[in-house]
Structure formats: structure tokens, C-alpha cells
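A short write-up of the structure that comes next.
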Amino acid sequence: SRFGVRSDYQNYVIKRLAEFGRKYKLFGAQTVVSTADCLTREGAERLVSEAGQLGPIGGVFHLTLLLHDSLIESQSVENFTETVENKSKIFAHLDQVTRALPYKLDYFVVFSSLACGKGNAGQSNYAFGNSMCERICEERRRVGLHGLSIQYGPIGDVGALSEKDQAVQLSNLRKQRINSVLEVLDKLLAVNKTIVTSFVKAERIMQSGSRQKRMVKELWRALGIDPDTTPDHLTLGEIGLESMFAVELQQELEREWNIKMSINH
Numbered sequence: 001s002r003f004g005v006r007s008d009y010q011n012y013v014i015k016r017l018a019e020f021g022r023k024y025k026l027f028g029a030q031t032v033v034s035t036a037d038c039l040t041r042e043g044a045e046r047l048v049s050e051a052g053q054l055g056p057i058g059g060v061f062h063l064t065l066l067l068h069d070s071l072i073e074s075q076s077v078e079n080f081t082e083t084v085e086n087k088s089k090i091f092a093h094l095d096q097v098t099r100a101l102p103y104k105l106d107y108f109v110v111f112s113s114l115a116c117g118k119g120n121a122g123q124s125n126y127a128f129g130n131s132m133c134e135r136i137c138e139e140r141r142r143v144g145l146h147g148l149s150i151q152y153g154p155i156g157d158v159g160a161l162s163e164k165d166q167a168v169q170l171s172n173l174r175k176q177r178i179n180s181v182l183e184v185l186d187k188l189l190a191v192n193k194t195i196v197t198s199f200v201k202a203e204r205i206m207q208s209g210s211r212q213k214r215m216v217k218e219l220w221r222a223l224g225i226d227p228d229t230t231p232d233h234l235t236l237g238e239i240g241l242e243s244m245f246a247v248e249l250q251q252e253l254e255r256e257w258n259i260k261m262s263i264n265h
């Protein structure tokens, strides 16, 4: 963790988990939250050393996420680089350091994203960082080490999208519940593959004809636009939609409903 335990609630959850494991004899693992900065080789060595003091390391699970979503035309070099390095540099350092251990890890896993495999508006930097992690997994497999990348779709309950609905509402995916994520993880760890995906596809509610037209009208109203008084020639940009949201809306309408709309012209 970059920040460690920052609240009484986080401390309570960690203690409760440990007590639960002991009470029901499910596990007796000690929970340690390290603040070692794995963006540096020294930080990765410190983390592996701390873990090694508790016993043999069974595996590495890389869940780091730092988003700076923006279209390329609005993306800064600093934000692009920060997102890429938080995903790929940390994973590379952990790969290098754990290879020096006198034993092989059972698991070396990165939580990747469908933004890497399928693409997602505004997330070219995040997709690129995950792609670099996947190349590391492929190289590990080539030399007989474990390496697994799981391209998850949006995850609910916890994490970056747990309280954000906009990005998922206009997607053909549903948020995957955390219990489903963990059940899938348990199965994928036994699969002899390097790159796999896990997502929940939303059902298509609308079809064509009048129902499709009603869907478009309801969408305009949700955006605060009166479809009956808005000129037909207006573009999404002229309506005033934020550029990245406009791209997502345009792609979704064209992909799912074959409705072609223009952003700028």
C-alpha cells in the first residue's frame, strides 16, 4: 500500500479478518501492510524481504491502479507516464527481485483490464501499462515460471468503480461482484494460460424500431436535452458533452444500436 493503514475502520477490518480466520480455523495468516515503494528496485527488495521474514513467499498478486483517464489529445506526458509506471514498473521490479529467490513462486499474477484487451475510451495509458505487464507474464512462462494476467471488466463492491456508475451504464458490461471475481480467480489460477479474461456481459434490453427511438429520447432527457426542440444537425460536442464521455456515448450507440452520431462535425 502506498499509504498504509490510514483509518480506524481499515485497522478494524484487518483485525476482524484475522480474528475470523482464527475463530473458525480457516487460516492463521498474519496480515502486514507494508509501505515499501515498489516503484524503485530498493522498495521491491524491501517488500520481498519483509514478506520473506514471515515465511516462504507463495505468490505475488499485483492489483495496483492509478488512473489518469483522458483522450490522447488532452493527455499530459506526466499523467500518461505515471499511470503506465504504476502498473508496469512495479510489476517488473517484483519480477526481477523474486527471480533471485532460492525457490519458484507458485503464483505471479497481475489484475489487468479489458481496457488492455478490448480498449476503452480515455484509458490508452492504463491499457499500455497492463500490456507491458502481460509481456512480463509471457516472458516468465517462456522460462518456466508462473505468470498470469487476468483482464477483468468493471468490478463492483470495492475499488475504483464501486461508486461510479456513469462509465458502466453506457457500456455493454455489468459490474462483476467481488465474490464472483474471487471465485473466478480461484479457477483461473489452475488454468495453464498466460492471458485470460473475466467479465459480465449486460443483457440487451432494447431492440429496434419504436423501442430504439424511445431509448434515444430517454437518453436525451437523462442528459437534460429536449429531443423535440433540439435541431437535428447539432453534434455531441455542440451539445456540450465532455469530450471523453461523448466518445464513450458515440461508441456505445454505434456498437449496440447501429446509431451513428457525430462528435465534432
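Numbering follows the UniProt record's numbering, in which position 210 of the sequence shown is assigned residue number 210; successive positions increment by one, without gaps. Think of the CB as a built atom: it goes at the ideal place given N, C-alpha and C, for glycine as much as any other residue. All of these numbers come straight from a predicted model, not from anything done at the bench.
Item: Residues sharing a beta bridge with Ser113, DSSP; Value: Tyr152
Item: N- and C-terminal bounds of the alpha helix (DSSP H) containing Gly21; Value: Asp8 to Lys23
Item: Asn79 versus Leu145, Leu67 and Arg140, residue with shortest Cα-Cα distance; Value: Leu67
Item: Enclosing alpha helix (DSSP H) for His93 [first to last residue]; Value: Val77 to Arg99
Item: For Gly58 and Gly52, the rounded distance between their alpha carbons; Value: 10 Å
Item: Three-pair Cβ contact test at 8 Å for the segment 70–77 versus the segment 14–30; Value: no
Item: First and last residue of the uninterrupted beta strand (DSSP E) at Val60; Value: Gly59 to His62
Item: Length of the line joining the Cα atoms of Leu65 and Lys23; Value: 33 Å
Item: Cα-Cα separation, Arg140 to Leu105; Value: 11 Å
Item: Distance, Phe108 Cα to Cys137 Cα; Value: 8 Å
Item: Inter-stretch contact (C-beta, 8 Å, three-pair minimum) for the segment 180–190 and the segment 88–105; Value: no
Item: Assigned secondary structure, Ser198 (DSSP; H/G/I helix, E/B strand, else coil); Value: strand
Item: Secondary structure of Arg135, DSSP reduced to three states; Value: helix
Item: Test item: CB-CB of Cys133 and Ser88 under 8 Å; Value: yes
Item: Residue range of the alpha helix (DSSP H) that includes Glu73; Value: Per DSSP, Glu73 belongs to no alpha helix (DSSP H) and is neither H nor E.
Item: Same chain, Cβ closer than 6 Å to Asp95, five either side skipped, listed in chain order; Value: Ile136
Item: Where Tyr107 sits in the DSSP three-state scheme; Value: strand
Item: Environment of Leu54 [buried if 16+ CB atoms lie within 10 Å]; Value: exposed
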